[in-house]
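Heads up, the sequence shown is in our numbering, so the first residue is 26 and it goes up one at a time. We put the CB at the ideal spot given by N, CA and C, even for glycine.
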Amino acid sequence: MSKKILDEREKILPGGKILRKGPSKAEMKIRLRLDPYSLTKKETEVTLLLLEGWKRDEILARCSIGNNTLKSHIRQIYRKLGVADRTGLSEKFLNF
26 MSKKILDERE
36 KILPGGKILR
46 KGPSKAEMKI
56 RLRLDPYSLT
66 KKETEVTLLL
76 LEGWKRDEIL
86 ARCSIGNNTL
96 KSHIRQIYRK
106 LGVADRTGLS
116 EKFLNF
């Protein structure tokens, strides 16, 4: 039987059912600020993980993508958002 790693928004209920809470208020604020940039669903997911400080290997595992695909997503994210690196990304979205 495979094990599923639950994130902080998931809880196992009696009987083994999984309860998923919605996104946090901070995540919703960031999603609203990302909306005008026309990021794809996967780019938005990667952006949120980058902003949470996830490491490259963690993002690869979470998103089930290859290293070159992740590099491509990050390049597109930085281009669309007009930033050069993670620091610029954090400054743009975490200082609100």
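- The C-beta of Thr112 has fewer than 16 other C-beta atoms within 10 Å across all chains shown, which makes the residue exposed.
- If you draw a straight line from the Cα of Gln101 to the Cα of Leu119, it comes to about 19 Å.
- Taking a contact to require three or more Cβ pairs closer than 8 Å, the segment 55-69 and the segment 92-108 qualify as touching.
- A straight-line Cα-Cα distance of about 18 Å links Leu76 and Thr94.
- Comparing alpha-carbon positions, the option among Leu85, Lys80, Lys50 lying closest to Lys67 turns out to be Leu85.
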